[in-house]
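Here is the structure we will look at, set down as structure tokens.
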Amino acid sequence: MISIIVCSINPDAAEKLKQNIAATIGRVEYEVIVFDNRTSGYGICKVYNSCAEKSRYDFLCFLHEDVQFDTIGWGEKIVRKLSEPDCGTIGFAGSKLRTEGFYGIGLATEGTWRSNYIQHLNGRWYVGTFENPDCSEFSPVVVLDGMCLFVSRKVWSEIRFDEQKFPGFHLYDLDFSTAVFAAGYVNYVCHTAIVEHFSEGFYTSTWFEATRDYNGKWAEKLPLYVADCRPTGEMKEYVRRVEFRFIKNMMKGRGKCSWEVIGQLCDAYCAKYGGIKAWEMRYQERRYHKRWKRDGRL
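For what it's worth, this note's numbering labels the leading residue of the sequence shown as 30, then goes sequentially.
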């Protein structure tokens with residue numbers, strides 16, 4: 030009933046993932062389609078669409094090979110939810126609000142983040158991120174992180190991954206889940222199963238350009254939010270606050286990001302807001318640039 034699609038560059042990791050799926054999925058028919066992308070160099074949207082076309086089951090799972098399922102019987106839980114007619118995409122991390130701007134999926138500090146997974150850091154530490162203040166089995170969200178995305182074949186066929194706008198490996202997940210939400214379906218973060226994610230995202234210049242493309246594509250639709258999450262106050266100030274916190278977190282080293290990209294983020298922020306807000310950002314930029322030099326990171 031579930032076709033699991035993996036874009037792979039590490040055969041050993043893919044084999045380990047297949048063994049994990051077999052041990053945890055439960056009493057659900059499934060297939061695992063591993064696309065070896067070491068030599069083809071295709072973008073992830075092309076791989077996902079191509080493999081989905083060849084798959085046989087009515088429910089699809091687009092999965093990173095650096096993920097591990099920790100809950101026995103997760104397959105039945107997912108199939109049951111995906112069978113609901115208004116169900117869109119299901120994942121394990123996402124946000125109830127998406128605005129135009131340069132930041133990640135979402136920020137827990139704004140109260141819109143929902144998640145249910147364990148993140149490994151630098152191969153040495155891990156942290157559980159379990160944001161579910163409503164104690165729901167499935168939390169409605171707008172956008173989802175792409176480490177694991179479940180969707181019915183019907184919804185995927187209607188939306189598909191945008192190979193033209195996002196030919197690489199960034200923002201495909203935000204774009205796809207945004208398109209599903211905009212089409213009238215409900216996206217969810219699953220709280221009834223736990224996964225582990227063994228690598229961290231890296232914010233590169235390619236990510237910066239893909240984010241710009243995402244903002245441009247959805248400019249007329251954003252902001253998008255679930256019914257109980259309409260932001261209060263002026264939207265521009267909300268977006269500015271989110272962007273400022275994201276950039277400052279990158280400066281603090283709370284995300285894998287080069288100083289080149291931090292500079293691009295600062296430039297975009299200052300051009301957008303100007304005045305005292307730009308002065309404050311430039312102050313933080315100078316402050317943390319000195320710290321990075323002192324720590325030998327530059």
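Glycine is no exception: its CB is placed at the ideal position from the N, C-alpha and C atoms.
The beta strand (DSSP E) enclosing residue i, as first and last residue numbers
i: G123; result: A122 to S124
i: V224; result: V224 to H226
i: P162; result: Unbroken run through P162: none, as it is neither H nor E.
i: D242; result: Element bounds for D242: not the beta strand (DSSP E) but the alpha helix (DSSP H), S234 to K246.
i: R67; result: Neither: R67 is in no beta strand (DSSP E) and is coded neither H nor E.
i: Q148; result: W142 to L150
i: L92; result: F88 to L92
i: V96; result: V96 to F98
i: C36; result: I31 to S37
Residue i versus residue j: straight-line alpha-carbon distance, rounded
i: V271; j: R56; result: 42 Å
i: E60; j: D257; result: 37 Å
i: I276; j: F237; result: 12 Å
i: E105; j: G197; result: 32 Å
i: I119; j: I31; result: 13 Å
i: C299; j: E58; result: 52 Å
i: F195; j: G117; result: 20 Å
i: Y297; j: A51; result: What sits at residue 297 in the sequence shown is Ala, not Tyr. Going by the C-alpha atoms only, they are around 46 Å apart.
i: F210; j: V171; result: 6 Å
i: Y217; j: R323; result: 43 Å
i: V224; j: V184; result: 23 Å
i: L253; j: R85; result: 33 Å
i: L46; j: N161; result: 27 Å
i: M280; j: Y317; result: 6 Å
i: R320; j: I107; result: 46 Å
i: K301; j: Q48; result: 49 Å
i: I305; j: N278; result: 20 Å
i: S69; j: A307; result: 43 Å
i: L203; j: C90; result: 16 Å
Residue range of the unbroken alpha helix (DSSP H) whose run includes residue i
i: I134; result: Unbroken run through I134: none, as it is neither H nor E.
i: W185; result: R182 to I188
i: N78; result: I73 to K83
i: V271; result: M264 to M280
i: C295; result: W288 to Y302
i: L46; result: P40 to T53
i: Y214; result: Element bounds for Y214: n/a, residue is neither H nor E.
i: S108; result: The sequence as given places Val at residue 108; Ser does not occur at that position. V108 -> alpha helix (DSSP H) spans W103 to L111.
Exposure label - residue i; buried when at least 16 CB within 10 Å
i: Y312; result: exposed
i: Y155; result: exposed
i: L141; result: Leu is not the amino acid found at residue 141; the sequence shown has Thr there. By the 10 Å Cβ count, T141 comes out buried.
i: Q148; result: buried
i: A248; result: exposed
i: C80; result: buried
i: D163; result: exposed
i: R67; result: exposed
i: R326; result: exposed
i: G135; result: buried
i: R283; result: exposed
Residue j beta carbon less than 9 Å from that of residue i
i: T128; j: N145; result: no
i: A239; j: L173; result: no
i: F179; j: F98; result: no
i: K125; j: C219; result: no
i: G344; j: F205; result: Here the chain has residues from 30 to 327 only, and residue 344 is not among them.
i: G102; j: T53; result: yes
i: N78; j: R182; result: no
i: L150; j: E82; result: no
i: F273; j: E309; result: yes
i: A222; j: T100; result: yes
i: G130; j: V268; result: yes
i: T235; j: S287; result: no
Contact set for residue i: own chain, Cβ-Cβ below 7 Å, skip 5 residues either direction
i: S186; result: none
i: A43; result: V35, S37, V63 and E94
i: E192; result: G72, C74, K75 and N78
i: D115; result: Y214 and V215
i: V255; result: K125, P169, V170 and V171
Spatial neighbours of residue i in its chain, beta-carbon cut-off 6 Å, leaving aside the 5 residues before and after
i: F231; result: K285
i: C295; result: M310 and E314
i: L92; result: I33, V35 and C177
Nonlocal neighbours in the same chain, by C-beta distance under 8 Å from residue i, ignoring five residues either side
i: D242; result: K194, F195 and L200
i: M264; result: T128 and P252
i: G292; result: E314
i: V96; result: L46, M176, C177, V224, E225, H226 and F227
i: N250; result: The amino acid at residue 250 is misidentified as Asn; the sequence shows Lys. Contacts found: T207 and A211.
i: D41; result: none
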